[in-house]
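Numbering (full-length UniProt numbering), first residue to last: 1 to 314.
Working notes, structure below.
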């Protein structure tokens, strides 16, 4: 047999093998899809959700392509420090960790039934660059208001370096606050943007993980979640992220590029940040006359949270 015929035979053998492997791959994908959405019928995910009586609310986020963003902590200029120190109705200081800590001269009342928009309007004049923050929630257990900083007009979810905490007294008055800020993101261009998975796919991931049950209502928002932290000079990388809200009661965060679910920090985040603030405030100069009062307040909150956790475990 001539060498050219042998080569042809080898080529044909490999071609047959490739076709066989392709058929096996497609068959495996089909079987996986059937396992993913069981029911004995050829159902789409949306049909499967309807069958399970799971309602899709507002899931259109208006973003199809995006990329991760890289951001350094805010490096305050002397001018910015002056603007912070001259904010009205307060004494505001920067500790050595670039955390803004403010004490109100006259506490600012917050209505008991106030929503996010009303709360934001009430305190906006007292916070440096407040327009770059978005109201997240009112932690009633600790009586603390949480705001997340925005980048690219979207919130940065649960990041210690992009956070505003407003501490209320027993009369629901703004008494103290702590504020951390990220700087300007590194520029990105359209070439670096990637197609995002569809919001319905993020919902499907949660459905397959048994996080959704009958009668649930699901909504989707968009933002960024910490992907890589503690790089050189404090740089962090944030991934495009879908926030999937279920019944307005619990939230899940799904990487909008890779599809994996980020761990949910909601339950422990506030108390962890209060504890972090307690350490950070130790760095405030000793001549700040309200320093000890704030330290005592935060210690009381951490003790209260510890007691609450103990009661829950019992």
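A virtual CB, placed ideally from N, CA and C, is assigned to each residue, including glycine.
Spatial neighbours of residue i within its chain, please: C-beta separation below 7 Å, excluding the five flanking residues on both sides.
i, result
"residue 205", "254, 259, 261"
"residue 196", "63, 64, 65, 66, 240, 256, 257"
"residue 269", "158"
"residue 134", "147, 148, 150, 155"
Tell me which same chain residues have a C-beta within less than 8 Å of the C-beta of residue i, skipping the five on either side of it?
i, result
"residue 59", "199, 200, 203, 218, 219, 220"
"residue 274", "142, 144, 165, 298, 301, 302, 305"
"residue 105", "89, 90, 91"
"residue 235", "70, 71, 72"
"residue 108", "89, 122, 123, 126, 173, 174"
"residue 192", "67"
Going straight from the alpha carbon of residue i to that of residue j, what length do you get?
i, j, result
"residue 87", "residue 54", "48 Å"
"residue 98", "residue 128", "13 Å"
"residue 112", "residue 252", "27 Å"
"residue 287", "residue 267", "35 Å"
"residue 51", "residue 57", "16 Å"
"residue 168", "residue 176", "7 Å"
"residue 222", "residue 242", "5 Å"
"residue 170", "residue 232", "42 Å"
"residue 249", "residue 139", "13 Å"
Going by DSSP, name the residue or residues bridged to residue i.
i, result
"residue 239", "225"
"residue 104", "90"
"residue 252", "244"
"residue 69", "238"
"residue 217", "55"
"residue 269", "Paired residues: none, contrary to the question."
Whole-angstrom Cβ separation of residue i and residue j, contact assumed at under 8 Å?
i, j, result
"residue 120", "residue 227", "In fact, because the Cβ distance is near 28 Å, the residues do not count as touching under 8 Å."
"residue 78", "residue 183", "Actually they do not touch by this definition, with Cβ atoms about 16 Å apart."
"residue 246", "residue 216", "5 Å"
"residue 178", "residue 296", "15 Å between Cβ atoms; not a contact."
Going by beta carbon distance, what residues of the same chain come within less than 6 Å of residue i, once the five residues before and after it are set aside?
i, result
"residue 96", "283"
"residue 137", "146"
"residue 49", "none"
"residue 162", "149, 156, 182"
Compare the C-beta of residue i with all C-beta atoms of chain C and state if any pair is closer than 7 Å.
i, result
"residue 209", "Within the model displayed, chain C is absent; a lone protein chain is all it includes."
Any heavy atom of the ligand GDP within a distance shorter than 6 Å of the CB on residue i?
i, result
"residue 194", "The ligand GDP is not part of this structure, which contains no ligands at all."
Next item on the list: Entirely within the segment 118-176 and at least 4 residues each: give me those alpha helix (DSSP H) ranges in chain order.
Entry: none
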